[in-house]
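In this note's numbering, the protein residues as written are 32 to 533.
Report on the structure given below.
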Amino acid sequence: MPTGEHTIVRGGLLLDIQGRTTHPADILIEGDTVREIGPPGMDGPGEAKTVDATGKLAMTGLVNAHTHGHGAIGKGLGDKWSLEHLLNHAPWTSSGFTLEDKRLAAQINAAELVLKGCTAAYDMYFEFPRPSLEGLEAAGRGYADVGVRAVIAPMMADSNLFRAIPGLMDAIPEAVRPHVERLRATPYEESVEACRQILHGWPFDRAQVAPALGPTIPHHCSDPFLAACRDLAADYEVGVQMHLAESKVQAVTGIKRYGKTLARHLDDLGLIGPRFTGAHCVWLDEDDMKMMADKGASIAHNPGSNLRLGSGVAPARAMLDHGLTVGIGTDGSASSDNQNMFEAMRFAAFVSRIVTRRYDDWLGTWEVLRMATEGSAVVLGMGDLIGCLAPGYKADIVFLDLSNVNFLPLNDAANQIVNCEDSSAVDSVMIGGRMVLAGRRFVDFDYDGLRTKAQAACERILSGNAEVRARMEAVEEFVSLHCIGMMGEPYHVHRRIDGGEA
Ligand SMILES: [Zn+2]
């Protein structure tokens, strides 16, 4: 919509997350920006187009602080997988994509986000063996096709699971070790040069699709690689997102390899700062959190993925108490199955209850709503553009149908959004003042066409990777055994009521 055109949303309820209230209100939009929020029936420019929101609740679009677009192809592939299993299987679940496949996978991810009330996402997109401008452009194009805002970071490394985890390569029996010895990463200089080209030649409006850097896991990246990412991020003023202390195996690896926590290792390399987001951060200690807060870093909390992969429960309350900005993410659909930010909010609220019995310290409704909107917007580096339904912010608005059974009866809209809503009440979605979804149907995007193309692409990719799959399945049990041995005491020790171990 060109600047200057007016739209007025009338007749709806408005969820005011900052004010912690829900009340009837009209919303005046000019171009892609909210101009005014006022009482029902407020004056508007005569030529303004009206959107009838009667029976709807208008809320700011949810913002996904951590996802992987390529994972859209990997739904339903893993069952009892830990993070290390997921990484072991990545060579066949995530590779062998053509440029068109990359665009398709991003379209699937973006379509699911919209259908589930999310209007922006930070996507760390699989770019192995090396990142490329074409690859990231294809992913960015997929988001732009659907209309979802995105920050896209190439997911990259110059090592891999088998070389990064102490002793793992030696733990693979000789008969099958060649399966993993053949996995080679690209020398970091090539990836750095590719990133420079990506950042230099970025083809999108950064308010719509912005670039970032994603050196995936600290110990999968050499120190010079990480230092180069730090410098590139500063030169081009972009974010850096990394998986940080996600599993206990990773936390133990940090101590074994660097003699310090992974967060401290990154800080010593100069990476921790306002541009930096740590995804997961299940295994941070108090000093890590204090240091990251002091440096202005942020965290993408992925409670669903952390449960699904058995990684543990991130100390979200402690992070907030230390003053860290915490956003909420779903992670990719290969690791946590869907892109449902309503579910992610509920998981965030629920897992906070098993960390402490002091219920004042549990995450409440308004807090998780704020984390999944304003908090995640800061993670994306878009805190002054999105994450808030207020004058001056982009008109990214989700309309929930209050006749949906999740809101029957309507007692407390905010509480029911977090605790009852499963995305089935998402009726319409506006992004930048433009309706992307109306009456649960895409306005411009050909979703039926996507279904046909995506199914065919997925079958071709998986059949092309069948041999790699067989090789990685042959080593899986040895990865399991080694990682279990590294972890020592399990995360939860179940005890009987008398105190004896179950
Ligand atoms: Zn991830």
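Glycine included, every Cβ here is placed at the ideal spot set by N, Cα and C.
Worksheet item: So the alpha helix (DSSP H) Asp-20 belongs to, where does it begin and stop?
Response: Residue 20 falls outside the range modelled here, since the chain spans only 32 to 533, and no answer is possible.
Item to complete: Would you mind reading off the limits of the beta strand (DSSP E) that contains Asn-496?
Response: In the sequence shown, counting from the first residue as 1, residue 496 sits at position 465. Careful: Asn-496 lies outside any beta strand (DSSP E) and carries neither H nor E.
Practice prompt. Output the distance between the C-alpha atoms of Gly-270 and Glu-168, rounded to the nearest integer angstrom.
Written response: As a working mapping, residue 270 is identified with position 239 in the sequence shown. As a working mapping, residue 168 is identified with position 137 in the sequence shown. If you take the alpha carbons of Gly-270 and Glu-168, they lie about 17 Å apart.
Worksheet item: What is the rounded straight-line gap between the Cα of Gly-406 and the Cα of Tyr-424?
Response: Within the sequence shown, the letter at position 375 stands for residue 406. Within the sequence shown, the letter at position 393 stands for residue 424. Answer to the nearest angstrom: the Cα atoms are 15 Å apart.
Item to complete: Tell me whether Leu-441 is buried or exposed, calling it buried when 16 or more other Cβ atoms sit within 10 Å of its Cβ.
Response: Against the sequence shown, residue 441 aligns to sequence position 410. When all chains shown are included, Leu-441 counts as exposed.
Discussion item. Could you check whether the Cβ of Asp-154 sits closer than 6 Å to any heavy atom belonging to ligand 1?
Written reply: Residue mapping note: residue 154 aligns to position 123 of the sequence shown, counting from 1. Asp-154: no, Cβ never under 6 Å from ligand 1.
Worksheet item: Roughly how many angstroms lie between the CA atoms of Val-390 and Arg-491, to the nearest whole one?
Response: Start at 1 with the first residue of the sequence shown, and residue 390 comes out as number 359. Start at 1 with the first residue of the sequence shown, and residue 491 comes out as number 460. Correcting the residue type first, residue 390 is Tyr in the shown sequence and not Val. For Tyr-390 and Arg-491, the distance between alpha carbons rounds to 50 Å.
Worksheet item: Any idea what DSSP makes of Pro-122, helix, strand or coil?
Response: Numbered from 1 along the sequence shown, position 91 holds the residue referred to as residue 122. Looking at Pro-122 - three-state DSSP - the assignment turns out to be helix.
Practice prompt. Kindly indicate which three-state DSSP category Glu-61 falls into: helix, strand or coil?
Written response: Within the sequence shown, the letter at position 30 stands for residue 61. DSSP places Glu-61 in strand when its eight states are reduced to three.
Worksheet entry | Where Tyr-156 sits in the DSSP three-state scheme | Taking the first residue of the sequence shown as position 1, residue 156 is located at position 125. Strand at Tyr-156.
Worksheet item: Around the C-beta of Ile-515, are 16 or more other C-beta atoms found within 10 angstroms, so that it is buried, or is it exposed?
Response: Translated into positions along the sequence shown, residue 515 becomes position 484. Under this definition Ile-515 is an exposed residue.
Discussion item. Measuring only the C-alpha atoms, how far is Asn-446 from Thr-396?
Written reply: For the purposes of this step, residue 446 is taken as residue 415 along the sequence shown, with counting starting at 1. For the purposes of this step, residue 396 is taken as residue 365 along the sequence shown, with counting starting at 1. If I take the Cα positions, the gap works out to 6 Å.
Practice prompt. List the endpoints of the continuous alpha helix (DSSP H) containing Ile-139.
Written response: Translated into the one-based positions of the sequence shown, residue 139 becomes position 108. Counting along the chain, the alpha helix (DSSP H) containing Ile-139 begins and ends at 130-146.
Worksheet item: Based on the DSSP output, what are the partners of Thr-356 in its beta bridges?
Response: For the purposes of this step, residue 356 is taken as residue 325 along the sequence shown, with counting starting at 1. DSSP, once it has assigned bridges, lists Ser-329 as partnering Thr-356.
Discussion item. For Arg-194, report the span of its alpha helix (DSSP H) as first-last.
Written reply: The count along the sequence shown starts at 1 and reaches residue 194 at position 163. 192-195 is the extent of the alpha helix (DSSP H) around Arg-194.
Discussion item. If contacts are defined as beta-carbon pairs under 8 Å, then Thr-64 and Gly-418 qualify, I think. What distance do you get, rounded to the angstrom?
Written reply: Position 33 of the sequence shown, counting from 1, holds the residue named residue 64. Position 387 of the sequence shown, counting from 1, holds the residue named residue 418. About 14 Å; that fails the 8 Å criterion.
Worksheet item: Between Val-40 and Asp-432, what straight-line distance do the alpha-carbon atoms span, to the nearest angstrom?
Response: Translated into the one-based positions of the sequence shown, residue 40 becomes position 9. Translated into the one-based positions of the sequence shown, residue 432 becomes position 401. In a straight line, the C-alpha of Val-40 is about 15 Å away from that of Asp-432.
Discussion item. Using only the alpha-carbon positions, how far apart do Phe-256 and Thr-217 sit?
Written reply: Locating residue 256 in the sequence shown gives position 225, where the first residue counts as 1. Locating residue 217 in the sequence shown gives position 186, where the first residue counts as 1. Distance between the alpha carbons of Phe-256 and Thr-217: 11 Å.
Worksheet item: Does the segment 96-114 touch the segment 353-367, meaning 3 or more C-beta pairs lie closer than 8 Å?
Response: yes
Discussion item. My assumption, with CB atoms under 8 Å, is that Gly-412 sits in contact with Val-182. Please give the rounded CB distance.
Written reply: To locate residue 412, count along the sequence shown from 1; it is residue 381. To locate residue 182, count along the sequence shown from 1; it is residue 151. So it is a contact: roughly 7 Å between Cβ atoms.
Practice prompt. Work out the CA separation of Ile-203 and Val-399 for me, nearest whole Å.
Written response: On the sequence shown, residue 399 is found 368 positions in, with the first residue counted as 1. On the sequence shown, residue 203 is found 172 positions in, with the first residue counted as 1. Straight-line Cα distance between these residues: approximately 43 Å.
Worksheet item: From which residue to which residue does the alpha helix (DSSP H) around Ile-303 run?
Response: Counting from 1 along the sequence shown, the entry for residue 303 is found at position 272. Here Ile-303 belongs to no alpha helix (DSSP H), and DSSP marks it neither H nor E.
Practice prompt. Drop a sphere of 10 angstroms on the beta-carbon of Glu-158, count the other beta-carbons inside from all chains shown, and report buried for 16 or more, exposed for fewer.
Written response: Position 127 of the sequence shown holds residue 158. Counting Cβ neighbours within 10 Å, Glu-158 comes out buried, since at least 16 surround it.
Worksheet item: Is the beta carbon of Phe-509 less than 7 Å from the beta carbon of Ser-454?
Response: Here the question's residue 509 lines up with position 478 in the sequence shown. Here the question's residue 454 lines up with position 423 in the sequence shown. Taking 7 Å as the Cβ cut-off, Phe-509 and Ser-454 do not qualify as a contacting pair.
Worksheet item: Going by the C-beta, is Asp-74 closer than 6 Å to any heavy atom of ligand 1?
Response: By one-based count along the sequence shown, residue 74 stands at place 43. It does not: the Cβ of Asp-74 is nowhere closer than 6 Å to a heavy atom of ligand 1.
Fill in: Separation of His-353 from Ala-426, as counted between CA atoms
As a first step, residue 426 must be located in the sequence shown, where it is residue number 395. As a first step, residue 353 must be located in the sequence shown, where it is residue number 322. Cα to Cα, Ala-426 sits roughly 32 Å from His-353.
Worksheet item: Since Gly-245 sits in a beta bridge, which residues does DSSP pair it with?
Response: Locating residue 245 in the sequence shown gives position 214, counting from the first residue. The partner list for Gly-245 (beta bridge, DSSP) reads Met-186.
Worksheet item: With Asn-450 and Arg-377 assumed to form a contact (beta carbons below 8 Å), what rounded beta-carbon distance in angstroms separates them?
Response: Locating residue 450 in the sequence shown gives position 419, where the first residue counts as 1. Locating residue 377 in the sequence shown gives position 346, where the first residue counts as 1. Right, the Cβ-Cβ distance comes to about 6 Å (below 8 Å), so this counts as a contact.
Item to complete: Could you tell me the boundaries of the alpha helix (DSSP H) in which Gln-272 lies?
Response: Here residue 272 refers to the residue found at position 241 when the sequence shown is read from its first residue. Element bounds for Gln-272: not the alpha helix (DSSP H) but the beta strand (DSSP E), 270-275.
Item to complete: Could you check what DSSP says for Leu-481 in three-state terms: helix, strand or coil?
Response: In the sequence shown, residue 481 corresponds to position 450, counting from 1. The answer is helix: DSSP assigns Leu-481 an H, G or I state.
Practice prompt. Kindly indicate which three-state DSSP category Ala-380 falls into: helix, strand or coil?
Written response: Walking along the sequence shown from the start, residue 380 turns up at place 349. Helix at Ala-380.
Item to complete: For Asp-475, collect the residues of the same chain with a Cβ closer than 8 Å to its Cβ; drop the 5 residues on either side in sequence, then sort them by chain order.
Response: As a working note, residue 475 is residue 444 in the sequence shown. Here the set comprises Gly-178 and Val-467.
Worksheet item: What do you reckon, are the CB atoms on Phe-193 and Val-211 nearer than 7 Å?
Response: For the purposes of this step, residue 193 is taken as the residue at position 162 of the sequence shown. For the purposes of this step, residue 211 is taken as the residue at position 180 of the sequence shown. In contact: Phe-193 and Val-211 (Cβ atoms closer than 7 Å).
Worksheet entry | Proximity winner among Ala-121, Ala-456 and Arg-500, relative to Arg-471 (alpha-carbon distances) | Mapped onto the sequence shown, residue 471 falls at position 440. With distances taken between Cα atoms, Arg-471 lies closest to Ala-456.
Worksheet item: From what residue to what residue does the beta strand (DSSP E) around Arg-288 run?
Response: Residue numbering aside, residue 288 sits at position 257 when the sequence shown is read from its first letter. Run containing Arg-288: none in the beta strand (DSSP E); it sits in the alpha helix (DSSP H), 279-289.
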